[in-house]
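K.L.:
In UniProt numbering, the protein residues as written are 1 to 963. Cβ atoms here follow ideal geometry from the backbone N, Cα and C, with glycine treated the same way. No experiment lies behind these values; they were computed from the predicted model shown.
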Amino acid sequence: LTLNQTLTLILTYLYLILLSTYLFNLLDSKASQGELGWISSPSHGWEEISGVDEHYTPIRTFQVCNVMEYSQNNWLRTNWIPRYSAQKIYVELKFTLRDCNSIPMVLTCKETFNLHYLETDEDQGSKFREHQFSKIDTIAADESFTQMDLGDRILKLNTEVREVGPMTKKGFYLAFQDVGACVALVSVRVYFKKCPFTVKNLAMFPDTVPTDSQSLVEVRGSCVNNSREEDPPKMYCSTEGEWLVPIGKCLCNIGYEEWGVACQACRPGFYKASSGNVKCSKCPPHSYTHQEEAVHCDCERNYFRAEEDPVSMACSRPPSAPRNVISAINETSVILDWNWPTDSGGRKDVIFNVVCKRCWPGPRQCEPCLGAVRFLPRATGLTNTTVTVVDLLAHTNYTFEIEAQNRVSSQAPTIRQYAAVTITTNQAAPSAVTVIRKDRTSRNSISLSWMEPERPNGIILDYEVKYYEKQEQETSYTILRSKATNVTLNGLKPDTTYLLQIRARTAAGYGGSSRKFEFETSPDSFSISSENSQVVLIAVSSAVAIILLTVVLYIVISRFCRYSKSKHPDEKRLPFGNGHLRLPGIKTYVDPHTYEDPSQAVHEFAKELDASCIAIDKVVGAGEFGEVCSGRLKLPSKKEICVAIKTLKAGYTEKQRRDFLSEASIMGQFNHPNIIRLEGVVTRSKPVMIVTEYMENGSLDGFLRKHDAQFTVIQLVGMLRGIASGMKYLSDMGYVHRDLAARNILVNSNLVCKVSDFGLSRVLEDDPEAAYTTRGGKIPIRWTAPEAIAYRKFTSASDVWSYGIVLWEVMSYGERPYWEMSNQDVIKAVDEGYRLPPPMECPATLYQLMLDCWQKDRNNRPKFEQIVSILDKLIRNPSSLKITASTASRYVTQETSTDITSFHTMGDWLESARTLPCKDAFSGVSYSSCDTLAKTSAEIYLTEVRPAATCPEWEPSMGITTL
Numbered sequence: 001l002t003l004n005q006t007l008t009l010i011l012t013y014l015y016l017i018l019l020s021t022y023l024f025n026l027l028d029s030k031a032s033q034g035e036l037g038w039i040s041s042p043s044h045g046w047e048e049i050s051g052v053d054e055h056y057t058p059i060r061t062f063q064v065c066n067v068m069e070y071s072q073n074n075w076l077r078t079n080w081i082p083r084y085s086a087q088k089i090y091v092e093l094k095f096t097l098r099d100c101n102s103i104p105m106v107l108t109c110k111e112t113f114n115l116h117y118l119e120t121d122e123d124q125g126s127k128f129r130e131h132q133f134s135k136i137d138t139i140a141a142d143e144s145f146t147q148m149d150l151g152d153r154i155l156k157l158n159t160e161v162r163e164v165g166p167m168t169k170k171g172f173y174l175a176f177q178d179v180g181a182c183v184a185l186v187s188v189r190v191y192f193k194k195c196p197f198t199v200k201n202l203a204m205f206p207d208t209v210p211t212d213s214q215s216l217v218e219v220r221g222s223c224v225n226n227s228r229e230e231d232p233p234k235m236y237c238s239t240e241g242e243w244l245v246p247i248g249k250c251l252c253n254i255g256y257e258e259w260g261v262a263c264q265a266c267r268p269g270f271y272k273a274s275s276g277n278v279k280c281s282k283c284p285p286h287s288y289t290h291q292e293e294a295v296h297c298d299c300e301r302n303y304f305r306a307e308e309d310p311v312s313m314a315c316s317r318p319p320s321a322p323r324n325v326i327s328a329i330n331e332t333s334v335i336l337d338w339n340w341p342t343d344s345g346g347r348k349d350v351i352f353n354v355v356c357k358r359c360w361p362g363p364r365q366c367e368p369c370l371g372a373v374r375f376l377p378r379a380t381g382l383t384n385t386t387v388t389v390v391d392l393l394a395h396t397n398y399t400f401e402i403e404a405q406n407r408v409s410s411q412a413p414t415i416r417q418y419a420a421v422t423i424t425t426n427q428a429a430p431s432a433v434t435v436i437r438k439d440r441t442s443r444n445s446i447s448l449s450w451m452e453p454e455r456p457n458g459i460i461l462d463y464e465v466k467y468y469e470k471q472e473q474e475t476s477y478t479i480l481r482s483k484a485t486n487v488t489l490n491g492l493k494p495d496t497t498y499l500l501q502i503r504a505r506t507a508a509g510y511g512g513s514s515r516k517f518e519f520e521t522s523p524d525s526f527s528i529s530s531e532n533s534q535v536v537l538i539a540v541s542s543a544v545a546i547i548l549l550t551v552v553l554y555i556v557i558s559r560f561c562r563y564s565k566s567k568h569p570d571e572k573r574l575p576f577g578n579g580h581l582r583l584p585g586i587k588t589y590v591d592p593h594t595y596e597d598p599s600q601a602v603h604e605f606a607k608e609l610d611a612s613c614i615a616i617d618k619v620v621g622a623g624e625f626g627e628v629c630s631g632r633l634k635l636p637s638k639k640e641i642c643v644a645i646k647t648l649k650a651g652y653t654e655k656q657r658r659d660f661l662s663e664a665s666i667m668g669q670f671n672h673p674n675i676i677r678l679e680g681v682v683t684r685s686k687p688v689m690i691v692t693e694y695m696e697n698g699s700l701d702g703f704l705r706k707h708d709a710q711f712t713v714i715q716l717v718g719m720l721r722g723i724a725s726g727m728k729y730l731s732d733m734g735y736v737h738r739d740l741a742a743r744n745i746l747v748n749s750n751l752v753c754k755v756s757d758f759g760l761s762r763v764l765e766d767d768p769e770a771a772y773t774t775r776g777g778k779i780p781i782r783w784t785a786p787e788a789i790a791y792r793k794f795t796s797a798s799d800v801w802s803y804g805i806v807l808w809e810v811m812s813y814g815e816r817p818y819w820e821m822s823n824q825d826v827i828k829a830v831d832e833g834y835r836l837p838p839p840m841e842c843p844a845t846l847y848q849l850m851l852d853c854w855q856k857d858r859n860n861r862p863k864f865e866q867i868v869s870i871l872d873k874l875i876r877n878p879s880s881l882k883i884t885a886s887t888a889s890r891y892v893t894q895e896t897s898t899d900i901t902s903f904h905t906m907g908d909w910l911e912s913a914r915t916l917p918c919k920d921a922f923s924g925v926s927y928s929s930c931d932t933l934a935k936t937s938a939e940i941y942l943t944e945v946r947p948a949a950t951c952p953e954w955e956p957s958m959g960i961t962t963l
């Protein structure tokens with residue numbers, strides 16, 4: 001404490017000690033050293049005598065002892081005593097009285113005397129009238145002395161206190177009446193009780209005199225200097241002059257702290273930002289104050305504090321630049337990776353912004369990248385040290401500046417901390433053809449032309465034109481190649497609708513396929529005569545028989561070739577997949593169980609890793625075969641990467657080893673950004689390991705539950721699009737997953753979702769209710785299509801059903817499908833037509849897609865290619881996601897469901913719509929494209945149908961949003 005604070009504290013406590021008494025004297029005869037001047041009547045009655053008390057202090061006493069005479073009436077009156085504010089007074093008498101039995105020859109003797117009082121508003125001087133006085137009490141002695149005590153000078157002192165009140169006038173007299181006693185008044189003290197001035201909870205309470213009633217007096221306190229009321233301070237003064245029941249308090253103002261019963265200013269170097277009875281705090285690091293009463297501390301030079309930072313937070317500065325920027329180029333995309341800044345500026349809110357510039361040879365020949373360039377996950381506000389940039393131009397120089405910022409960077413605009421890297425993109429496949437025109441149509445041919453892709457990314461070598469009859473649903477198609485931007489399709493059927501796709505090829509390979517265009521040939525100009533009808537019928541029947549025979553022979557030959565492949569892995573295969581023929585040269589999934597030696601399949605499809613290149617950091621979980629760990633993989637001449645490692649526990653059997661490695665044999669065949677990537681296996685040393693890429697955010701269901709309601713609908717649709725893209729790839733390869741669920745989708749730090757978990761010989765969940773046992777193994781009931789449960793018929797269509805459940809899981813942020821229903825209840829409900837209701841705030845378009853995936857007839861379910869296309873359209877048109885679905889439970893039947901794919905043309909659909917009660921809404925309206933139809937029908941739905949109630953049967957699920 002400083003000297004001033006110490007002196008203040010001492011003086012405050014001394015002051016409180018002096019005020020601690022609650023008795024206020026109006027009269028004290030012992031305090032007077034001279035004559036008191038009281039009036040005695042008659043004059044020979046009471047007599048004033050000087051003496052000493054028990055401590056030998058000189059005092060004035062009054063004595064009377066006229067016991068040798070009859071009929072005594074001796075009065076002694078005090079001077080006028082002002083009452084001040086007292087309503088009730090107390091009279092304390094100290095006296096001695098002689099025992100009448102010890103007095104010889106006594107004529108009349110009493111051992112009591114009387115106490116009287118008289119109230120007046122002013123001093124009456126020497127006037128004295130006995131009848132004006134009121135008696136207070138008769139005073140008797142508890143102890144009396146005898147002649148023997150008088151000889152030994154042992155006088156027994158009596159003390160009596162009497163209460164007088166309530167008083168109303170300004171003052172009063174006391175009178176003592178002797179009626180024949182031998183008594184000596186040693187001292188007379190008159191006082192009243194009050195609650196003295198005090199300070200409690202930093203509130204001052206004044207002197208308070210209690211009332212005559214028995215109730216407490218409520219007193220409102222006032223705050224000491226430099227403080228304010230939090231709750232009104234109150235205390236109660238009792239009739240005994242004591243303070244009781246403190247309520248409320250005062251708080252020191254900002255810049256002041258409590259010292260004893262006062263508020264003291266904060267010293268230099270300390271601050272107090274809020275009111276309250278807490279001590280001043282020392283200035284946080286990199287801040288200071290030189291004044292008293294400081295409410296905050298100023299930051300040192302080149303240090304700052306953000307607006308939202310509390311004053312108790314240390315001042316900070318912008319971070320240093322990112323370090324060790326590494327670029328990995330893949331055609332027209334690049335992955336940028338960098339290390340954290342050496343100095344974060346003393347903050348934890350560091351983010352990164354990536355600036356893209358397209359550059360030409362020469363000094364300062366750069367300009368900002370165009371809007372077509374995309375950053376995954378984004379270009380600004382990155383919290384991780386990696387970003388993927390896609391849709392760059394081929395053979396082009398780019399400079400990327402990675403800037404580190406925190407919340408105080410904006411306060412130092414001249415300090416820009418960034419690291420730069422320059423790259424050149426590689427050759428890339430062309431973009432998709434977007435515009436196709438029909439030039440001429442005849443009975444058996446169609447002439448088409450198209451525009452070159454917007455981004456050819458090199459010299460286009462040729463175009464691939466793929467076409468087929470619409471009713472064939474791509475089960476049989478024809479491919480033509482053209483070096484020009486036009487082609488004529490010959491040998492077509494009259495009056496037939498064809499679907500067509502075109503893709504361009506450069507030295508880097510094929511680009512993306514265009515969307516499906518629909519064209520019709522001209523109708524036949526003549527009809528078959530009755531004479532020729534039988535011949536035509538025979539010819540058609542013969543052709544059909546030949547085709548069926550060819551298909552059967554092809555199946556037999558294909559299976560024989562597959563069996564031969566298991567013995568001769570280097571021979572090429574032509575297997576079947578997804579129910580239609582695969583063309584030579586297209587990659588197809590190979591079942592590792594067809595190999596006699598499983599090790600051969602592992603080494604054919606998976607890379608053998610040296611165990612010394614793998615460092616295990618920690619165990620993150622446990623699987624059926626062993627532990628799951630996270631670690632690092634460092635291959636020669638490559639950057640170290642984070643990986644996930646599955647280990648095979650010790651003491652395994654050969655069957656367990658074979659089953660463990662079969663998952664690697666499956667994963668090794670896949671190469672897609674939305675399929676978990678296999679880095680390699682370790683089989684030549686122990687423990688046996690499967691090494692995959694590391695997914696920082698774990699499984700999708702747990703990730704969504706952890707971040708409930710924290711993503712936008714577009715972000716969720718982006719995740720779903722990635723899952724659908726991965727499943728399209730698996731479907732195209734002829735692989736059926738059988739266990740597609742959110743728990744088997746992994747999420748990395750960039751929110752990219754990847755399909756995983758290709759092992760089939762494992763328990764699906766810890767919950768025994770999660771799987772329904774059949775003779776063929778365990779089935780995840782809540783995710784499995786009805787035909788797969790009933791007949792074990794697993795196809796890509798059953799995976800589409802499971803995808804619908806995954807879609808529901810994502811939109812509900814990881815809720816358990818069908819909640820607490822038992823598996824048998826789920827099977828029964830689904831078979832009866834029950835479907836999961838839409839999750840909260842689920843867009844109607846997404847719920848319609850769920851219902852399409854849950855069609856009972858698997859042939860009516862969309863393909864994964866269609867699902868990807870639908871999600872792409874939703875991402876490009878976010879406004880279509882604003883209408884939410886009804887939360888009512890849904891029962892779906894084949895009779896009430898409308899399948900959009902059943903309409904060959906837009907006209908067919910319109911004819912169907914015009915048969916409904918809404919047909920008047922479409923009359924007189926023409927439609928040039930699906931986009932126009934969607935826009936117009938949405939307007940009809942919103943502005944005409946609902947308000948006018950002309951079409952109560954209309955529901956959004958009838959296909960407008962899907963179109």
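Is THR550 helix, strand or coil when you go by DSSP?
P.N.:
Looking at THR550 - three-state DSSP - the assignment turns out to be helix.
K.L.:
Which residues does DSSP list as the beta-bridge partners of ASP298?
P.N.:
ASP298 is bridged to TYR288.
K.L.:
For ARG503, which residues does DSSP report across the bridge?
P.N.:
For ARG503, which the question treats as bridged, DSSP gives the partners GLU464.
K.L.:
Ignore the nearest five residues each way along the sequence and tell me which others in SER327's own chain have a CB closer than 6 Å to its CB.
P.N.:
Same-chain partners within the cutoff: VAL334, LEU336, VAL421, ILE423.
K.L.:
By DSSP, does ALA404 sit in helix, in strand, or in coil?
P.N.:
Note: ALA404 maps to strand in three-state DSSP.
K.L.:
Along the chain, which unbroken stretches of the beta strand (DSSP E) at least 3 residues long are found entirely within the stretch 73–104?
P.N.:
Listed in chain order, the complete beta strand (DSSP E) runs (minimum 3 residues) inside the stretch 73–104 are 74–77, 89–97.
K.L.:
CA-CA distance, SER320 and ASP343?
P.N.:
Each residue's alpha carbon lies about 5 Å from the other.
K.L.:
Between THR289 and the rest of its own chain, which residues show a CB-CB distance below 8 Å, the 5 nearest in sequence each way excluded?
P.N.:
For THR289, where only same-chain residues beyond five positions count, the Cβ hits under 8 Å are PRO268, GLY269, PHE270, TYR271, CYS283, HIS296, CYS297, ASP298.
K.L.:
So, helix, strand or coil for ILE690, using DSSP?
P.N.:
In this structure, ILE690 counts as strand in the three-state DSSP scheme.
K.L.:
What does the Cβ neighbour count give for ASP178, buried or exposed, with the cut at 16 atoms within 10 Å?
P.N.:
Buried, since its Cβ has 16 or more Cβ neighbours within 10 Å.
K.L.:
Could I get the ranges of all uninterrupted beta strand (DSSP E) runs contained in the stretch 409–494, with 3 residues as the minimum, in chain order?
P.N.:
Those beta strand (DSSP E) runs which fall completely within the stretch 409–494 and span 3+ residues are 418–424, 436–441, 446–450, 462–469, 478–482, 486–489.
K.L.:
Can you pull the DSSP bridge partners for ILE39?
P.N.:
According to DSSP, which records beta bridges pairwise, ILE39 is partnered with ARG77.
K.L.:
For PHE519, which of LEU740, GLY511, LEU499 has the nearest alpha-carbon?
P.N.:
PHE519 has its Cα closest to that of LEU499, out of LEU740, GLY511, LEU499.
K.L.:
When the Cα atoms are used, what is the spatial distance from PRO285 to ALA314?
P.N.:
When rounded, the distance between both Cα atoms is 5 Å.
K.L.:
Are SER281 and GLU300 touching if we call contact CB-CB under 8 Å?
P.N.:
Contact: no.
K.L.:
In the DSSP assignment, the beta strand (DSSP E) including PRO368 goes from what residue to what residue?
P.N.:
Per DSSP, PRO368 belongs to the beta strand (DSSP E) from 366–368.
K.L.:
Measure the beta-carbon distance from TYR818 to LEU807 and round it to whole angstroms, keeping in mind my assumption that it falls under 8 Å.
P.N.:
About 15 Å; that fails the 8 Å criterion.
K.L.:
With burial defined as no fewer than 16 other Cβ atoms inside 10 Å of the residue's Cβ, what is the status of GLN824: buried or exposed?
P.N.:
When all chains shown are included, GLN824 counts as exposed.
K.L.:
What residue does the alpha helix (DSSP H) around PRO598 start on, and which one ends it?
P.N.:
Run containing PRO598: 598–605, per the alpha helix (DSSP H) assignment.
K.L.:
Check whether the Cβ atoms of CYS263 and TYR256 sit closer than 8 Å, and answer yes or no.
P.N.:
Contact flag set, yes.
K.L.:
Ignore the nearest five residues each way along the sequence and tell me which others in SER482's own chain have a CB closer than 8 Å to its CB.
P.N.:
The answer, listed in chain order, is ASP462, TYR463, VAL465.
K.L.:
If ILE875 and PRO843 are in contact, beta carbons under 8 Å, what's the gap, nearest whole angstrom?
P.N.:
Going by Cβ atoms, the distance from ILE875 to PRO843 rounds to 12 Å, so no, they are not a contact pair.
K.L.:
By the 10 Å Cβ neighbour count, where 16 or more other Cβ atoms means buried, how is TRP360 classified, buried or exposed?
P.N.:
Classification of TRP360: exposed, given that the 10 Å Cβ count is below 16.
K.L.:
According to DSSP, is ARG835 helix, strand or coil?
P.N.:
In this structure, ARG835 counts as strand in the three-state DSSP scheme.
K.L.:
What first and last residue would you give for the alpha helix (DSSP H) that runs through GLY718?
P.N.:
Counting along the chain, the alpha helix (DSSP H) containing GLY718 begins and ends at 713–732.
K.L.:
Measuring from the CB of PRO377, is there a heavy atom of the ligand COA at a distance below 7 Å?
P.N.:
Within the structure as shown, the ligand COA is missing, as the structure has no ligands at all.
K.L.:
On a CA-only basis, which of SER514, VAL387, LEU492, PRO413 is nearest TRP450? Give me that one, please.
P.N.:
Per the Cα distances, SER514.
K.L.:
Within 10 Å of its beta-carbon, does GLN855 have 16 or more other beta-carbons around it, so buried, or fewer, so exposed?
P.N.:
Burial call: buried.
K.L.:
For a test of the three-state rule: what should DSSP assign to THR588, helix, strand or coil?
P.N.:
THR588: coil per DSSP, three-state reduction.
K.L.:
Let's see if you can read the secondary structure: which residues bound the beta strand (DSSP E) around LYS234?
P.N.:
Note, LYS234: beta strand (DSSP E), 227–237.
K.L.:
Keeping to the same chain, check which residues put their C-beta closer than 7 Å to that of PHE758; ignore five residues upstream and five downstream.
P.N.:
So the qualifying residues of the chain are GLU663, ILE666, MET667.
K.L.:
Whole angstroms is fine: what's the gap from ILE502's alpha carbon to ASN426's?
P.N.:
Using only the alpha carbons, I get a separation of about 24 Å.
K.L.:
Can you tell me where the alpha helix (DSSP H) holding PRO786 begins and where it ends?
P.N.:
Run containing PRO786: 786–791, per the alpha helix (DSSP H) assignment.
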